[in-house]
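Note sheet for the following structure.
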Amino acid sequence: MSLDEEMIEHEIYDKPWGFFKTTFLNPYSRAKIIKINPLGELSLQEHSRREEHWVIIKGTGELIIGDSKKVMQAGDYIFIPKQCKHKITNISSTEPLMISEIQLGEYFGEDDIIRYDDKYGRVSNNSVTV
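Residue numbers (this note's numbering): 10 to 139.
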């Protein structure tokens, strides 16, 4: 299968923590680049219909996944299974945190998310709307 314009989005989606850009989308997978601003963080969240594979491509972050917490840096890989709580915080006050994300699953909409904690006030009512 070749890349064609129908499978690539060029939009950048601004978020309170930075932005993401979808670089590839087909019925089986989605690829994104995520930029988290200095001291920004993603919400403590989970997804019911997709797993995620992250590679830290720039910067340093503190990852919470399940019950564990660890510092991640450029070159580190993280597997996030479906229905696994996770969060990452950019611990630098000066440099962005960049992540390459590959999603695999049955649905890739941004509404497949349950937020448990969010410093930007976006906590879910713990139900998934699809």
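Even glycine gets a Cβ: it sits at the ideal position worked out from N, Cα and C.
Own chain, CB closer than 6 Å to residue i, minus 5 neighbours either side, in chain order
i: Leu12; result: Bear in mind that the predicted position of Leu12 carries a pLDDT of just 49, short of 50, making it too unreliable to give a figure here.
i: Gln112; result: Arg39, Arg59, Glu61
i: Leu106; result: Ile45, Gly68, Gly70, Asn99
i: Lys74; result: For clarity, residue 74 is Ile in the given sequence; the question names Lys instead. Closer than 6 Å at Cβ, skipping near neighbours: His95.
i: Tyr86; result: Val64
Cβ-based burial, residue i [other Cβ within 10 Å; buried from 16]
i: Glu55; result: buried
i: Gln82; result: exposed
i: Thr31; result: buried
i: Glu115; result: exposed
i: Ile21; result: exposed
i: Lys5; result: In the structure as shown, the chain begins at 10 and stops at 139. Residue 5 is therefore absent and cannot be evaluated.
i: Asp126; result: exposed
i: Gly49; result: buried
i: Thr138; result: Interpretation of Thr138 is limited by its pLDDT of 38, a score under 50 that renders its predicted location unreliable; the figure taken from the coordinates is listed afterwards. So Thr138 counts as exposed.
i: Phe88; result: exposed
Strand pairing of residue i, partner residues [DSSP]
i: Ser38; result: Leu113
i: Glu50; result: Thr98
i: Thr31; result: Lys41
Cut-off 8 Å between Cβ atoms - residues of its own chain near residue i, not counting five sequence neighbours on either side
i: Asp76; result: none
i: Tyr129; result: Pro25, Trp26, Ser52
i: Ser57; result: Lys91, Gln92, Asp121, Ile123, Val137
Residues of its chain near residue i, where Cβ-Cβ distance is below 7 Å and the 5 sequence neighbours each way are ignored
i: Phe117; result: Leu34, Arg39, Arg59
i: Ile66; result: Ala83, Met107, Ile108, Ser109
| request: Could you tell me which uninterrupted beta strand (DSSP E) segments, each at least 3 residues in length, are contained entirely in the segment 52-130, listed from first to last along the chain? | output: Listed in chain order, they are 53-55, 59-67, 69-74, 77-82, 86-89, 95-99, 106-114, 123-126.
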